[in-house]
Structures are given as structure tokens and as C-alpha cells.
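Undergrad: Dropping the structure in here first, questions after.
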Amino acid sequence: MNVKITRNAAKVIKKQMELEGNSELKLRVAITHAHGDHAHYGLDLDTPKENDVVVSTDKEIDVILEPGQPLLDGVKIDYLYFPKEGFVITNPSKGNHGDH
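With this note's numbering, letter number 70 in the sequence shown gets 731, and the count goes up by one each step, no holes.
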């Protein structure tokens, strides 16, 4: 499984992971809602469960994914400041280039 994290997103995620009590946690990407050929995603800090897959990224952030979820393979996590500040999670490899 593959996960891409942009430089902007990595900065924000690392700040959260450095907070007291978060040092042992990893980033979890989950599907919050799926329909048709795409999904809506959510982020959380969590510990891996028994059947989870942990993927290392080039930004030195380990990401927890639920196995058997093809819409999680290839997700891209970005953080935008404009037009509205926040995370944007897409999966370009599955044709999902943003919320509709």
C-alpha cells in the first residue's frame, strides 16, 4: 500500500505528533464514507490494531491503514491554506481528485 504526504501536510502532522502524549501514536487514514468509485477520508492519531497495515512515508511519518480497503491504497494527504485552511485527502490513483 502507498501513501503520499505533501510537505505542508507533514509539517502540520509532525507538530501534532510532537505534542505531549502523542509521541507513541501514528497517523491513521480511514474511509469515513464511500460511494461508487470514490471515498471521503478522515485522519486521526492512533495506535495500530492487530490487523492494521503500517506504511512508512518519505516524510518520516508512519501511516495506519485498514487492510482490504483498495480506496486507501494511493491516498494523498495535503494541507491547504487557501481557499479554506485544512487537510485535503484524495486518491488520484483511483480517480478521486477531491470532494464534490
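Here a beta-carbon is modelled for each residue, glycine too, at the ideal position from N, C-alpha and C.
1. Just mark R668 as buried or exposed, buried being the case when its beta carbon has 16 or more other beta carbons within 10 Å.
2. G697 to M662, Cα distance in whole Å?
3. Might you give, ordered along the chain, the residues of its own chain that have their beta carbon closer than 7 Å to the beta carbon of Q730, omitting 5 neighbours on each side?
4. So for K672, helix, strand or coil by DSSP?
5. Is the closest heavy atom of the ligand HEM to the C-beta of V749 under 7 Å?
6. Answer yes or no: do Y740 and A670 have a C-beta to C-beta separation smaller than 8 Å?
7. Grouping DSSP H, G and I as helix and E and B as strand, with all else coil, what is S684?
8. Alpha carbon to alpha carbon, how far is K687 from I725? Give it in angstroms, no decimals.
9. Could you have a look at K737 and say whether DSSP puts it in helix, strand or coil?
TA: Looking at the coordinates:
1. Taking the first residue of the sequence shown as position 1, residue 668 is located at position 7. Exposed, because fewer than 16 other Cβ atoms sit within 10 Å of the Cβ of R668.
2. In the sequence shown, the residue the question calls residue 697 occupies position 36. In the sequence shown, the residue the question calls residue 662 occupies position 1. The straight-line gap from Cα to Cα measures roughly 21 Å.
3. On the sequence shown, position 69 is the one that residue 730 refers to. Once the five neighbours on either side are set aside, the close Cβ partners of Q730 are I692.
4. As a first step, residue 672 must be located in the sequence shown, where it is residue number 11. Three-state DSSP puts K672 in a helix.
5. Because no ligand of any kind appears in the structure shown, any question about the ligand HEM cannot be addressed here.
6. Locating residue 740 in the sequence shown gives position 79, where the first residue counts as 1. Locating residue 670 in the sequence shown gives position 9, where the first residue counts as 1. Taking 8 Å as the Cβ cut-off, Y740 and A670 qualify as a contacting pair.
7. Sequence index remark: in the sequence shown, residue 684 carries index 23 (1-based). Note: S684 maps to coil in three-state DSSP.
8. On the sequence shown, position 64 is the one that residue 725 refers to. On the sequence shown, position 26 is the one that residue 687 refers to. So the two alpha carbons sit approximately 7 Å from each other.
9. Locating residue 737 in the sequence shown gives position 76, counting from the first residue. Three-state DSSP puts K737 in a strand.
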